[in-house]
Amino acid sequence: MTDATMIDRDDEAQFGDYFALLKPRVMSLVVFTAFVGLMVAPVQVHPMIGFCAVLFIAVGAGASGALNMWWDADIDAVMNRTRKRPIPAGKVTPQEALGLGLGLSGLAVVMLALSTNLVAGALLAFTIFFYAVIYSMWLKRSTPHNIVIGGAAGAFPPMIGWVAATGSVSLEAVLMFTLIFMWTPPHFWALALFLKKDYNNAGVPMLTVTHGRRVTRAHILAYTVILAPLAVWLGFTQIGGPVYLTVAVLANAWFVKGAVDIFRRDETMAEGDSYKTEKAFFQFSLLYLFLHFLALLADAALRGFGVI
Amino acid sequence: MAIKAEHELHKRRLSRNVGVGLVLVAFVAIIFGLTVVKVKQLGAVQGFDHVVRPELVPAAKDEK
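If you're matching them up, the sequences are chains L and B in order. For reference, each letter of the first sequence is one residue, going 83 to 390 in the numbering used here. For reference, each letter of the second sequence is one residue, going 123 to 186 in the numbering used here.
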């Protein structure tokens, strides 16, 4: 009898386990970037509508996280970093995660479209589809460029925030997208350089495994060098300002220098100081993205007060 | 086994049920707030506006 087996379970899923399916840490980044995208847009949005837009973008991101956990439960069970997630831990069944993911996806898309506009809703729907189907189901296990594709999904939130306010995509929205899109590969490949065992065991084709670590180091440098001018370019659009330009120039100079350092090192050197440079680059990459979006917000505030 | 009004299962599920309940209440509050804002943004809306109101038609006003 199904009921009897459920009563016997000690580790019954609590509310927090379902919340964990939505990847709260990823969601916090989505909330922040979507909020910035919305605030820097040249259109005034009513605070309640702005709140709803950010909330439903975050719910949509959470829903795609649940769908990703449903599909990737077999990989998550093998990797140290992810083995305590609700499905591999046995707390939530894959079917429940699928149901939650699909239900919240529909809710988020419909509610975003109703509270802002259809284009924003459609863009959110595409983002969820892109992350769950194109990235998780298709490309993650078949190409070492999976990180590049996955980065696109993470890059959509500020663009959706912008579209929620303005109703259309513009150069500024595309550049905010590009900033996260080009930032993701060096960020993750730096992580892959010092967390090599995890991905090997899971059988996910990481660039470090398929093409070797030399090629990965070169790729980190290549993406960083392309990223830097694009990040600075955003400073010359209507949403840029003195704060953003200062931050962008300094942060990108550091980032390119870090990437050059990584490129110049080989495995013997890296193992000698237990991946010190790679770890520093990875940690700075988190700060890098945060600072860029914070600076955009600061310039928007300065414009709001009439200072610039 | 005697049927108890409150099974131990209910206690274990309490946090889940309270959580879902709070989320639903919050959702209702958000929809209500959003509705108020959306309706206010429409500008001058009169009750019974499916009937033609002469005072809302600019041309009719000018003719007076």
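Where a beta carbon is used, it is the ideal one built from N, C-alpha and C, also for glycine. Here the structure is a predicted model, which means the values were calculated and not measured.
Here the C-alpha atom of residue 384 of chain L lies approximately 49 Å from the C-alpha atom of residue 175 of chain L. Going by C-alpha positions, residue 367 of chain L is about 25 Å away from residue 223 of chain L.
At least one beta carbon of chain B lies nearer than 9 Å to the beta carbon of residue 96 of chain L. For residue 130 of chain L, the chain B residues whose Cβ falls inside 7 Å of its Cβ are 155, 156 and 159, in order along the chain.
Going by beta carbons, residue 329 of chain L and residue 377 of chain L fall inside the 9 Å limit. The C-alpha of residue 359 of chain L is placed about 7 Å away from the C-alpha of residue 340 of chain L. Each of L:296, L:129 and L:254 was checked against the Cα of residue 119 of chain L, and the nearest Cα belongs to L:254.
The beta carbon of residue 338 of chain L is closer than 6 Å to those of 306 and 310 in its chain, skipping five residues each way along the sequence. Residue 137 of chain L belongs to the set of residues whose beta carbon lies under 9 Å from a beta carbon in chain B. The beta carbons of residue 236 of chain L and residue 137 of chain L sit no closer together than 9 Å.
In the DSSP annotation of this structure, the continuous segment of the alpha helix (DSSP H) that includes residue 146 of chain L starts and ends at 129 to 153. The segment 138 to 149 of chain L makes contact with the segment 180 to 188 of chain L; the number of CB pairs closer than 8 Å reaches 3 or more.
Contact between the segment 215 to 229 of chain L and the segment 186 to 202 of chain L is absent: fewer than 3 CB-CB pairs across the two stretches fall below 8 Å. Pairwise C-beta distances place the segment 285 to 302 of chain L out of contact with the segment 310 to 322 of chain L, as fewer than three of them are shorter than 8 Å. When 8 Å is used as the limit between beta carbons, residue 143 of chain B is near no residue of chain L, the shortest such separation being about 10 Å. Against chain L, the CB of residue 147 of chain B has no partner CB under 9 Å away; the residue lies outside that interface.
Interface annotation, residue 187 of chain L: not in contact with chain B, CB-CB separation never under 9 Å. Contact fails between the segment 345 to 358 of chain L and the segment 136 to 147 of chain B, because fewer than three Cβ pairs, one in each stretch, are under 8 Å apart.
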